[in-house]
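Residue numbers (this note's numbering): 21 to 503. The beta-carbon is built from N, C-alpha and C at its ideal position, and this holds for glycine as well.
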């Protein structure tokens, strides 16, 4: 264990420290007594060496070189040898005395207000945002409809459409018509090689001729036998013929009748063979069952066709009756309660997006399709009013349907794009956008009826997608709308 011994200061050193500490305490007391008061202007300024307000420092008398120090707290002068010499007084020429705290805070607050006002004026003039460009539409009277539309794309369909296949196997030797051509009912669409069928038909016809000749011969024998029977009966009655001769005449008639029946049956069979051969020959020719347009030909000359279930489902030739065109569209099950057969409708197709075609609801399905559990629909059928337009639409084309539930003419309306979701609009006037709430009546995807809140001629903004387009914003009308 190490012990550090600390030397004690001597008596003379302790006395010197005491005198030094006393000198410091005396100087601090003198300085506190000489500090000026904040509420006094003249006296404080003089005590601190500052000239009072309105005083000219150039006219001051030179300060004394020295001044006796104030007495100490014990009535005697300090022992410090520097105590006999007065410290020089520092005077700041022209500096006013310190102001009260309340006045200083008021001055600072005024400066802050002036700075804030200047910054606001600078922002409004130099850094003001540029006006946002908007598109506007004037409120005007017009037609507004309440409509319901399909949930998914509808389809243009034909009421009569057949995918035709020959009834027999064979090699394709003729295709008189190609895709897109109109054909009449009974027109030849396709022909197969029919040499075998024609030969069979010829054989059947010859057999029929032989059977018919045999039938004629049998009929003649029958007639002669009947005649001989009649004569034998008269002779037997007169006693000229015996009973055996009469019996032979009767038997001859029976044989002739049986032979005639056999010949008749053979002739009938021959006719059936002819009809069968003719039917087989007809199977080699594919004809149109109704007038229409050939949509597709799925075979070429020289190809061999064998009827199969797969071929029957796809077909060799697709024939469409364009006079029975209609549009089938799925509607939301919620809207099925307001859709009725006979209601006016409007049809648009993807190939002609800028056009719409009037029509009427022909049929509403009596059941709901639940192919998708979250999207159940009801199928409706719409027939177009213009048959020529309908015939120009291609089956399978995507189409949209709007069923018109109610319509009003001559009411104030605005584009649907000018409405916020909570029926607010932005009105453009004098370069400023002002928000306004309106009461809306009938509405659809294009227009909304305005019952109150706007007047005819006021202009509403239709470009609401920009963040800058808001209430109170500066705006300028786009060049196209301004003209």
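(1) Take residue 183 and list the residues in its own chain whose beta-carbon comes closer than 7 Å to its own, dropping the five residues that flank it on each side.
(2) Tell me the DSSP bridge mates of residue 343?
(3) Just the C-alpha distance for residue 491 and residue 452, rounded to the nearest angstrom, thanks.
(4) In chain order, what residues of the same chain have a beta carbon less than 8 Å from the beta carbon of residue 383, not counting five sequence neighbours either side?
(5) In this structure, how does DSSP classify residue 336 when only helix, strand and coil are distinguished?
(6) Within 10 angstroms of its Cβ, does residue 167 collect 16 or more other Cβ (buried), or is it exposed?
(7) In three-state terms, what does DSSP make of residue 166?
(8) By DSSP's criteria, residue 314 is part of a beta bridge. Which residues make up the other side?
(9) Under DSSP, the alpha helix (DSSP H) around residue 428 begins and ends at which residues?
(10) Using the rule of at least 16 other Cβ atoms within 10 Å of the residue's Cβ for burial, across every protein chain shown, is residue 419 buried or exposed?
(11) Consider the C-beta atom of residue 202 and the heavy atoms of the ligand MN; say whether any pair is separated by less than 8 Å.
(12) If you follow the alpha helix (DSSP H) that residue 246 is in, where does it begin and where does it stop?
(13) Near residue 313, which residues of its chain fall below 6 Å by C-beta distance, leaving aside the five closest residues on each side in sequence?
(14) At the level of alpha carbons, what is the spacing between residue 391 and residue 425?
(15) So for residue 350, helix, strand or coil by DSSP?
(16) Could you name the residues of the same chain whose beta carbon sits closer than 8 Å to that of residue 440, not counting the 5 residues immediately before and after it, in chain order?
(17) Quick check: what's the CA-CA separation for residue 277 versus residue 236?
(18) What's the gap between the Cα of residue 444 and the Cα of residue 434?
(19) Return helix, strand or coil for residue 289, following the three-state DSSP convention.
(20) Under 8 Å Cβ to Cβ from residue 323, same chain only, skipping five residues before and after it: list those, please.
(21) Assuming residue 176 and residue 347 form a contact by the criterion Cβ under 8 Å, report the distance between their Cβ atoms to the nearest whole angstrom.
(22) Are the CB atoms of residue 513 and residue 211 nearer to each other than 9 Å?
(23) Inspect the beta-carbon positions of residue 449 and residue 151 and report whether they are closer than 9 Å.
(24) Give the straight-line distance between the Cα atoms of residue 288 and residue 274, rounded to the nearest whole angstrom.
(25) Measure the C-alpha to C-alpha separation of residue 63 and residue 125 and round it to an integer number of angstroms.
(26) Got a sec? Which residues, its chain only, sit under 7 Å from residue 20 by beta carbon, not counting five neighbours each side?
(27) Looking at residue 473 and residue 489, is the spacing between their C-beta atoms short of 9 Å?
(28) Of the choices 432, 430 and 455, whose alpha-carbon is the least far from that of residue 442?
(29) Short check: CB of residue 480 to CB of residue 432, under 9 Å?
(30) On a CA-only basis, which of 208, 173, 296 and 196 is nearest residue 219? Give me that one, please.
(31) Give me the residue from 482, 497 and 429 with the minimum Cα distance to residue 164.
(32) Between which two residues does the beta strand (DSSP E) harbouring residue 322 extend?
The short version:
(1) The count along the chain shown starts at 1 and reaches residue 183 at position 163. Excluding positions up to five away in sequence, the list reads 334, 335 and 338.
(2) The sequence position of residue 343 within the chain shown is 323, counting from 1. Residue 343 pairs with nothing; no bridge assigned.
(3) Here residue 491 is taken as the residue at index 471 of the chain shown, counted from 1. Here residue 452 is taken as the residue at index 432 of the chain shown, counted from 1. Answer to the nearest angstrom: the Cα atoms are 8 Å apart.
(4) Within the chain shown, the letter at position 363 stands for residue 383. Around residue 383: 361, 400 and 401.
(5) Taking the chain shown and counting its residues from 1, the one referred to as residue 336 is at position 316. In the structure shown, residue 336 sits in coil (DSSP, three-state: anything other than H, G, I, E or B).
(6) Your numbering for residue 167 matches position 147 in the chain shown. Classification for residue 167: buried.
(7) Locating residue 166 in the chain shown gives position 146, where the first residue counts as 1. Looking at residue 166 - three-state DSSP - the assignment turns out to be strand.
(8) Within the chain shown, the letter at position 294 stands for residue 314. Beta-bridge pairing links residue 314 to 339.
(9) Position 408 of the chain shown holds residue 428. From DSSP, residue 428 is part of no alpha helix (DSSP H) but of the beta strand (DSSP E) over 418 to 435.
(10) Position 399 of the chain shown holds residue 419. Buried: at least 16 other Cβ atoms inside 10 Å.
(11) The ligand MN is not among the ligands present in this structure, which contains no ligands whatsoever.
(12) Here residue 246 corresponds to residue number 226 of the chain shown, with the count starting at 1. It spans 215 to 258 - the alpha helix (DSSP H) in which residue 246 sits, taken as one unbroken run.
(13) Taking the chain shown and counting its residues from 1, the one referred to as residue 313 is at position 293. If we look at residue 313 and ignore the five residues flanking it on each side, its Cβ neighbours are 202, 340 and 342.
(14) Along the chain shown, read from residue 1 onward, the residue named residue 391 stands at position 371. Along the chain shown, read from residue 1 onward, the residue named residue 425 stands at position 405. So the alpha carbons of these two residues sit roughly 27 Å apart.
(15) Counting from 1 along the chain shown, the entry for residue 350 is found at position 330. Strand, per DSSP.
(16) Working through the chain shown from its first residue, we reach residue 440 at position 420. Within the same chain, residue 440 has close Cβ partners 484.
(17) Walking along the chain shown from the start, residue 277 turns up at place 257. Walking along the chain shown from the start, residue 236 turns up at place 216. The alpha-carbon atoms of residue 277 and residue 236 are separated by roughly 12 Å.
(18) Numbered from its first residue, the chain shown carries residue 444 at position 424. Numbered from its first residue, the chain shown carries residue 434 at position 414. For residue 444 and residue 434, the distance between alpha carbons rounds to 12 Å.
(19) Counting from one through the chain shown, the residue named residue 289 turns up at place 269. It is helical.
(20) Here residue 323 corresponds to residue number 303 of the chain shown, with the count starting at 1. Within the same chain, residue 323 has close Cβ partners 191 and 192.
(21) Residue mapping note: residue 176 aligns to position 156 of the chain shown, counting from 1. Residue mapping note: residue 347 aligns to position 327 of the chain shown, counting from 1. So it is a contact: roughly 6 Å between Cβ atoms.
(22) Here the chain comprises residues numbered 21 to 503, so residue 513 is not present and cannot be evaluated.
(23) As a working note, residue 449 is residue 429 in the chain shown. As a working note, residue 151 is residue 131 in the chain shown. No.
(24) Locating residue 288 in the chain shown gives position 268, counting from the first residue. Locating residue 274 in the chain shown gives position 254, counting from the first residue. Cα to Cα, residue 288 sits roughly 21 Å from residue 274.
(25) Walking along the chain shown from the start, residue 63 turns up at place 43. Walking along the chain shown from the start, residue 125 turns up at place 105. Any reading at residue 63 needs caution, since the residue's pLDDT is 40, under 50, leaving its predicted position unreliable; the model's value is listed next. Straight-line Cα distance between these residues: approximately 24 Å.
(26) Outside the displayed span of the chain (21 to 503) sits residue 20, for which this structure offers no information.
(27) Taking the chain shown and counting its residues from 1, one reaches residue 489 at position 469. Taking the chain shown and counting its residues from 1, one reaches residue 473 at position 453. Cβ distance not < 9 Å, so residue 489 and residue 473 don't count as in contact.
(28) For the purposes of this step, residue 442 is taken as the residue at position 422 of the chain shown. Residue 455 is the option with its Cα nearest to residue 442.
(29) Your numbering for residue 480 matches position 460 in the chain shown. Your numbering for residue 432 matches position 412 in the chain shown. Their beta carbons are not under 9 Å apart, which means residue 480 does not touch residue 432 by this criterion.
(30) Counting from 1 along the chain shown, the entry for residue 219 is found at position 199. The shortest C-alpha separation from residue 219 is found at 296.
(31) Working through the chain shown from its first residue, we reach residue 164 at position 144. Closest by alpha carbon: 429.
(32) Counting from one through the chain shown, the residue named residue 322 turns up at place 302. From DSSP, residue 322 is part of no beta strand (DSSP E); its letter is neither H nor E.
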